[in-house]
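For reference, the structure is listed below as structure tokens.
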Amino acid sequence: MTAFDLLSEPIRKYIRDQRWESLRKIQEASIPRILQTENNYVIISKTASGKTEAAFLPILSKVNFKERGVKVLYISPLIALINDQFVRVEKLCEYLDIKVTKWHGEASKAQKDHLIKNPEGIVLITPESLEAMFVNRPYNIHHLFSKLDYIVIDEIHSFLGSERGVHLKSLLSRLQQANENRFKVVALSATVSDVNEYAELKDYLGNSEDTKIIRDNTPKPINVIFKYFPGPVTELPLDLLKDLYVRTHDSKVLVFPNARGRVEEVAVKLKMISERVGGHKNYFSHHSSVDKEVREYVEFFAKNASLQNFCISCTSTLELGIDIGNVDEVVQIDATNSIASLIQRVGRSGRREDKSSNLCLYSTDKWSLLQSIACWLLYTEKYIEPIQVTEKPYDVLLHQILSIVKGSSGLYLVELLDKIAKNPTFSNITEIEVKDIINHLNQIDFLEKLGNEYIIGVEGEKVVNNKDFYSLFHTPTFFKVSSNGVKIGELPLTPQVREDENVYLSAKIWKIKYIDFESKKIEVIPAKDGRKPLFLGDAADTAHLIREKMLEILFSKEVYDFLDQVGQLVLQYFRVELSVFKVTNVKKQRPLLNSNDNIFFYSFAGSQINKTICLLFEEIGIDYRYDESCSIFQFKHSELDLLEKIKATKLNDDQINQILYKHLERNPSMINFSKWGAYLPLRFQAEILKNKLYNFDECFTFLNKIDYVFNEHDVD
DNA sequence: GACCTGCTGCGGCCTG
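Residues 1 to 716 in UniProt numbering are what the first sequence lists, from first letter to last.
And the structure:
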């Protein structure tokens, strides 16, 4: 029997009505497996290869929807993705008379109420909405979701390795605890590459024995072009913009310039060039600080612009699977911080099966060029940075303790401990540690003991009853920008934000007329000339793998024909510049440049290792400078012996803790990258720092492994 | 110079 024959008749009719010539490879593979086994599956396949159908065609054929209760729960990281998938899944479900309900913060209340009256069919939800239900309406969890057959998790890679992912893992376990029968999980992803990560994925889905991987490895042809236009960080070179304009004026393009300020710069300046030469007007910007309705309009325009060209300058907001239709070319300005990101971005072009992807990588300095080459080579070698596993997610545990207690009407300690013990998310955290955290929450009035039962305490109520409770990530508050009642976006309060200052936002130029500090609002009017907006933020971490590859490229003789002529020359000069070091083994050796009074240490190490080295320098009292963009440390020649000293240092766990306590006491805000970590006892905060911000194990392994290679002759 | 993600309940106002 073919995969098609295995499907139920209504589904086959749906396929015939769609006039599909055949099923996609990934669907052929998934249909018999999902239909004929009770396993969990991870479906890995390229963007737009029919993954959603690969999951839903067999699930809808298999599941008995006659029984009362929601049978399939689809979980997505984005509201926009839920709205897209709703249209697709509902169309499919019309053939089977199955109800599909959206459940997220912007979904209709009436539809939600209707579902509560008639719990049935399929629900599309976000992790945060699920959390909110556990907290505020725990009986609805049971009422709606205790008869689940399948859970589908979309874009699973966006959860792996993040606190949000740990949060979801905990919610999945709590859902399983509310179900009499074991539900199956089908996870979808475009970017899981290394076979080593399968174990991680299987563990994530909670049942490694019964979890299988289905993947389509068919390569997709990609045309890649590298272009080099040197310029300062502050402003993009005009030549680059002109070149970009000429390349893209008669096609559909996504440009990824890595930062919101630069996104605006690209959108506004390309639009100005286009106006001057009479090109199309469809230049947009798309990032988290562009007003939501404006962003939705941009997405709508792109999806429906079959006859019109457009150019959207964007951040990672357009990285995940939101449907914006077909794009001819993807442009990356300066290197991505991860290979995963590069994969997602490349996947946005050439979405049709017969079309190849087009990628153009611009660089504005030699380090960025080097990083771009590294990411590209690793991409072609099918590497992805490893997933960061949190062994002991104390901060998520603290949040989940509050959630469990709030969702109950008083809980004995044994009951609370039992619920946590049953949740594999926290299996590496000991019962003693859990009790410590509960006691601490009691002390700071987040929990309170009423008789022998725990309830939420006075301080806890403030936190738990706030709408900010449901997520595991921070969002800064910005000033809302509008013009004459029309919402445009938002800006952080930087020195740049002053009355009469002109600024770019939403691909337009504005003059700031009035700032209302009380209500955090900015009123603007259109203007002719201005500057790109400044956003506060930290650079994303760069993986060790990428930095190591950069060193490898510098000390290899390989000629890359994908580079343009200037790029070839820049790389050649760069190699000559570093040839003063006789590096023969890139795994073990690191350059140390002796120049006048200063030493430059080229660590070529991942951001976490470098941050840990910074902490060690501070601890020893070395006066140093560190540049994250090129992974270089600079310090006085007189400190040279200290580098050897650090190398010889083997701090034990206790010593590391003492250092971290000292830093935390001096600067408590250093834990703030973890939203809930700030409420933990100090020693748990130190553990979070040790595993998330720093990495002492890898840092010492790295330092012990490497030999310093000095320059052979003097350099000015 | 530096990414992104989500959101309950309730009171109050408006419209049909």
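Think of the CB as a built atom: it goes at the ideal place given N, C-alpha and C, for glycine as much as any other residue.
The three-state reading of DSSP puts R590 in strand, counting E and B together.
The secondary-structure analysis by DSSP pairs N358 across a beta bridge with N223. In this chain, Q634 is not harboured by any alpha helix (DSSP H); it is covered by the beta strand (DSSP E) spanning 632-636.
Measuring C-alpha to C-alpha distances from K587 to each of V576, I599, S603 identifies S603 as the nearest.
Closest option to D541, judged by alpha-carbon separation, among L92, N695, L23: N695. In terms of Cα proximity to W20, the closest of E53, E38, S30 is E53. The residues F696, in chain order, have a CB closer than 6 Å to that of I656 in the same chain once the five nearest residues on each side in sequence are set aside. The DSSP-derived three-state label of L241 is helix. A straight-line Cα-Cα distance of about 5 Å links L144 and P119. Here the C-alpha atom of G350 lies approximately 43 Å from the C-alpha atom of Y394. When DSSP states are grouped into helix, strand and coil, P77 belongs to the coil group. The beta carbon of A267 sits closer than 6 Å to those of Y283, S285, S313, A507, all from its chain and outside the five residues before and after it, given in chain order. A55 sits close to V186, with the two beta carbons spaced by under 8 Å. Shown here for V63: same chain residues with a beta carbon closer than 7 Å to its own, the five before and five after excluded, namely K71, V72, D149, Y150 in chain order. Annotated three-state conformation of I622 is coil, per DSSP. Measuring C-alpha to C-alpha distances from I515 to each of R498, H167, D623, M272 identifies R498 as the nearest. Non-local beta-carbon contacts of L320 in its own chain, meaning distances under 8 Å to residues more than five positions away in sequence, involve P77, L78, L81, E155, S158, Q344 in chain order. Of all alpha-carbon atoms in L640, I122, N598, the one lying nearest the alpha-carbon of V87 is that of I122. Taking the Cα positions, K449 is about 59 Å away from P219. By the CB criterion at 8 Å, T315 and N691 fall outside the cutoff.
Scanning its chain for C-beta atoms nearer than 6 Å, with the 5 sequence neighbours on each side dropped, one finds around A29 the residues I214, in chain order.
Around G489, the same chain offers S289, V290, D291, V481, L505, S506 as residues with beta carbons nearer than 6 Å, after the five sequence neighbours per side are excluded. With respect to the 8 Å criterion, L402 and Y454 are not classified as neighbours on the basis of their beta carbons.
With contacts defined by Cβ atoms closer than 8 Å, R164 and L472 form a contacting pair.
Per DSSP, the continuous alpha helix (DSSP H) segment holding P127 begins and ends at 127-136. For A686 against L660, the beta-carbon gap comes to about 4 Å, under 8 Å, which counts as contact.
For K269, the enclosing alpha helix (DSSP H) begins and ends at 260-277. Distance between K303 and L254, taken at the CA atoms: about 13 Å.
For V233 and N711, the gap between their C-alpha atoms comes out near 29 Å. Counting along the chain, I553 sits inside the alpha helix (DSSP H) bounded by residues 544-554. Between L642 and I622, the gap from beta carbon to beta carbon is short of 8 Å. Look at the beta carbons and you see the region 270-284 not touching the region 321-334: under three pairs across the two are nearer than 8 Å. Note: A305 is not bridge-paired with any residue in the DSSP secondary-structure output. One Cα belongs to H142, the other to S629, and the distance between them is close to 50 Å. Under the three-state reduction of DSSP output, H286 falls in the strand class. The alpha-carbon separation between K467 and L441 amounts to approximately 20 Å.
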